[in-house]
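Q:
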Ligand SMILES: [Mg+2]
């Protein structure tokens, strides 16, 4: 089996409402889909979501990266997916979103060719798990109301976006806790917004409120401060923006800067990069988390296959498709409240509505 062509498409989704975090407001859900076709006509799809402030990738650079890679991938065998991964990294530095899209499409094809769901091809088995729902950064009462709504929809875990100042962040978490009661698991994500001093105080207060974990409290490169914070924090510190690949994970863990790592396909360059991080984290006996960018169910389902392949994770934050009103895909993960299930279909199990895409 040989790759015949690799193409990039613009995929537009509609958001229900803008989504706010400490350093950004997301109002549009434009993303890139990668399509790979083999010479014998098997088609695979993958998502390459832009995240300019995190990975540096925009729709334009993703399209250019896919075009650059296409002739270098043509003729390769998608069932030799580790070889494809090595080729990608040899031929092009960075551009991790484009690589994530390519690798998802390659593993979609490899699964289809084997007649197996992609996670099974990778030896995975955990096909059902709980995801959180993320509360956009807002006034405490607005966040509390949204928390009530999503717990009512069957979510047992909420991720609360924070962004300072300290007193306001505490008010936010208190309002959410009061709204949902003690049984709902809460985790917070500061998206690099706090200072070390603030974070030391907040970690204790948040522990009192039953918060189970703090994600990225300090700036991405502040590893020394993160190690100081971690030593004093009663609850685990998980790093997201600090960790893009397995090398970052190894550095953060060996420096004692965190208790766990948040893997995102768009940072890691896709499923195999995610597996590499996962193995480093497991070797360190640290906690595994998966997150997502602003992306559709194609990317979310791909990430779910990685969760299954790694035997489950401590924290799952796969909710981006819930913020969308309309997206150009069908199928993919099934949801029942916060429970996510991977369909038992060959490949990724996502159908792309090609008519709704625009060639890049
Ligand atoms: Mg995060």
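Numbering (this note's numbering), first residue to last: 17 to 376.
From the three backbone atoms N, C-alpha and C, an ideal C-beta is built for every residue, glycine too.
Here the structure is a predicted model, which means the values were calculated and not measured.
1. Expressed to the nearest angstrom, what Euclidean distance is found between the alpha-carbon atoms of residue 276 and residue 349?
2. What are the residues that DSSP puts in a beta bridge with residue 380?
3. I'd like the span of the beta strand (DSSP E) that includes residue 263, first residue to last.
4. Quick check on residue 136: does DSSP put it in helix, strand or coil?
5. Consider the Cβ of residue 365: report whether some Cβ of chain B lies at a distance smaller than 8 Å.
6. List the whole-angstrom C-beta distance separating residue 365 from residue 94, where the pair is believed to meet the contact cut-off of C-beta under 8 Å.
7. Taking the C-alpha atoms as reference points, what is the distance between residue 318 and residue 331?
8. Quick one, which of 26, 18, 315, 64 has its alpha-carbon nearest residue 56's?
9. Verify whether the separation of the beta carbon atoms of residue 119 and residue 288 is less than 8 Å.
10. What residue from 235, 215, 274 has the CA that sits closest to residue 243's CA?
11. Leaving out five residues on either side along the sequence, give the residues of the same chain with a beta carbon under 7 Å from the beta carbon of residue 329.
12. Compare the C-alpha of residue 362 against each of 202, 30, 60 and name the closest.
13. Which same chain residues, not among the five before or five after residue 321, have their C-beta less than 8 Å away from its C-beta?
14. Can you tell me whether residue 159 is helix, strand or coil according to DSSP?
15. Short of 6 Å in beta carbon distance, which residues of its chain neighbour residue 30, apart from the five on each side in sequence? Order them along the chain.
16. Over the uninterrupted beta strand (DSSP E) stretch that includes residue 15, give me the two end residues.
17. For ligand 1, any of its heavy atoms closer than 7 Å to the Cβ of residue 232?
18. Assess contact between the segment 25-42 and the segment 249-260, defined as three or more Cβ pairs (one per stretch) separated by less than 8 Å. Is contact present?
A: This is what the structure gives:
1. Working through the chain shown from its first residue, we reach residue 276 at position 260. Working through the chain shown from its first residue, we reach residue 349 at position 333. The straight-line gap from Cα to Cα measures roughly 25 Å.
2. Any answer about residue 380 is impossible in this case: the structure gives the chain only from 17 up to 376.
3. What you label residue 263 is simply residue 247 of the chain shown in a count that begins at 1. Not the beta strand (DSSP E): residue 263 falls in the alpha helix (DSSP H), residues 262-270.
4. Position 120 of the chain shown, counting from 1, holds the residue named residue 136. Of the three classes helix, strand and coil, the one that applies to residue 136 here is helix, per DSSP.
5. Among the protein chains of the structure shown there is no chain B, as only one such chain exists.
6. Here the question's residue 365 lines up with position 349 in the chain shown. Here the question's residue 94 lines up with position 78 in the chain shown. Rounded, the Cβ-Cβ distance is 17 Å, inconsistent with contact.
7. Walking along the chain shown from the start, residue 318 turns up at place 302. Walking along the chain shown from the start, residue 331 turns up at place 315. Residue 318 and residue 331: Cα-Cα distance of roughly 16 Å.
8. Position 40 of the chain shown, counted from the start, is the residue given in the question as residue 56. Residue 56 has its Cα closest to that of 18, out of 26, 18, 315, 64.
9. If you number the chain shown from 1, residue 119 lands on position 103. If you number the chain shown from 1, residue 288 lands on position 272. With respect to the 8 Å criterion, residue 119 and residue 288 are classified as neighbours on the basis of their beta carbons.
10. What you label residue 243 is simply residue 227 of the chain shown in a count that begins at 1. Nearest option by C-alpha distance: 274.
11. Taking the chain shown and counting its residues from 1, the one referred to as residue 329 is at position 313. The beta carbon of residue 329 sits closer than 7 Å to the beta carbons of 304, 305, 306, 323 from its chain, once the five residues preceding and following it are set aside; these are given in chain order.
12. Reading the chain shown from its first residue, position 346 is the one you call residue 362. Ranking 202, 30, 60 by Cα distance to residue 362 puts 60 first.
13. Within the chain shown, numbered from 1, the residue matching residue 321 stands at position 305. Close CB contacts of residue 321 within its chain, under the 8 Å cut and outside five residues either way in sequence, are with 123, 133, 134, 135, 138, 140, 287, 358, 364 (chain order).
14. Working through the chain shown from its first residue, we reach residue 159 at position 143. Helix at residue 159.
15. The count along the chain shown starts at 1 and reaches residue 30 at position 14. 341, 342, listed in sequence order.
16. No statement about residue 15 is possible, as the shown extent of the chain runs from 17 to 376 and does not include it.
17. Position 216 of the chain shown holds residue 232. Indeed, a heavy atom of ligand 1 lies less than 7 Å from the Cβ.
18. These segments do not touch.
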